[in-house]
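To start, the structure itself, in structure tokens.
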Amino acid sequence: MKQKNISMIGAGKMAAILSRYFAIAGHSVHIGTRDTEKAAQLALEIGCGVHSGSIEKAVQQGDIVFLAVPYLQIPQALEHAGSLSGKIVVDISNPLNADYSGLLPGMDISGAEELAKVLPDAKVVKAFNCIYATVLEGGPEYGSGSGSGDEEGGGQPDGNMRAQVFYAGDDEQAKQVVAELIEDTGFVPINTGGLMSARYQENLTALILQVDKHLKEPMQIASAMLMRESL
């Protein structure tokens, strides 16, 4: 894959893990936060030539902008971002309530669709919102499973299962770029359709949180949609 210029807005765990994956894959990564010292520290920890600076500076350097901040902090981040016209904007957030027991009340459409209304000249893609940071950091491998026997189906010839990352968007070229970036992490990209499907991705996150809550012991939960040929 050709080198991409990626802007990572945020300096939390997801931002750090994704920045590391993309930098190792050979992409140019620019971390931007309001606290530029925090961004500089994270870039130093990651190494691999990762750059840092203000949100606006990072956005200026990137063709692909990851909004790696909590949903309720997105408006504040956008205030410092400058123009996002023509850029691919990847929303990894979920509009969760304060106690993470479900989505915010009154959400008739997805957070990603709301974002697309605010950024009509950007190409918004929803991705990486259904996966825990610990799972992303631990890698895609989940031992043996039935799988489909091919990489596109989520399995591998030896039966090892790889966790999946769902993505949705209305711009097919932007989605293809994001799918390739997902592949750079080792996870399996699963196309869920237009940006409207971000609603289902966000609800899946709420379901995963409920499953996690009722487990008897801590586990790393990842999504895997099994596929095989129809009979």
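Going by this note's numbering, the sequence shown opens with residue 1, and the numbers climb by one from there.
We put the CB at the ideal spot given by N, CA and C, even for glycine.
Every value quoted in this text rests on a predicted model; they were computed, and no experiment measured them.
Mind checking residue i: buried by the 16 CB within 10 Å criterion, or exposed?
{"i": "V118", "result": "exposed"}
{"i": "G169", "result": "buried"}
{"i": "S223", "result": "buried"}
{"i": "P140", "result": "buried"}
{"i": "E113", "result": "buried"}
{"i": "L233", "result": "With the chain covering only 1 through 231, there is no way to say anything about residue 233."}
{"i": "Y100", "result": "exposed"}
Closest to residue i by CA distance: which of the options is it?
{"i": "A11", "options": "E37, S83, K2, Y132", "result": "E37"}
{"i": "E45", "options": "R34, K57, A23", "result": "A23"}
{"i": "L115", "options": "E180, G82, Y71", "result": "Y71"}
{"i": "L195", "options": "S7, H27, K175, Y21", "result": "K175"}
{"i": "P120", "options": "H27, M161, K87, A15", "result": "K87"}
So residue i packs on residue j, CB below 8 Å; how close in whole Å?
{"i": "K126", "j": "I64", "result": "Between I64 and K126 the Cβ distance is about 14 Å, and since that is not below 8 Å, they are no contact."}
Taking just the CA atoms, how far does residue j sit from residue i?
{"i": "Q76", "j": "Q60", "result": "17 Å"}
{"i": "L84", "j": "H51", "result": "19 Å"}
{"i": "F128", "j": "L231", "result": "32 Å"}
{"i": "A81", "j": "R228", "result": "43 Å"}
{"i": "R199", "j": "S110", "result": "5 Å"}
{"i": "I31", "j": "Q220", "result": "27 Å"}
{"i": "C48", "j": "D184", "result": "15 Å"}
{"i": "A206", "j": "Q73", "result": "19 Å"}
{"i": "I55", "j": "V89", "result": "14 Å"}
{"i": "I182", "j": "G106", "result": "31 Å"}
> Are the segment 182–201 and the segment 210–221 touching by the rule of at least three beta carbon pairs closer than 8 Å?
Replying inline: no
>> If contact is defined by three or more beta carbon pairs under 8 Å, each pair taking one atom from either stretch, is the segment 27–41 in contact with the segment 96–108?
In response: no
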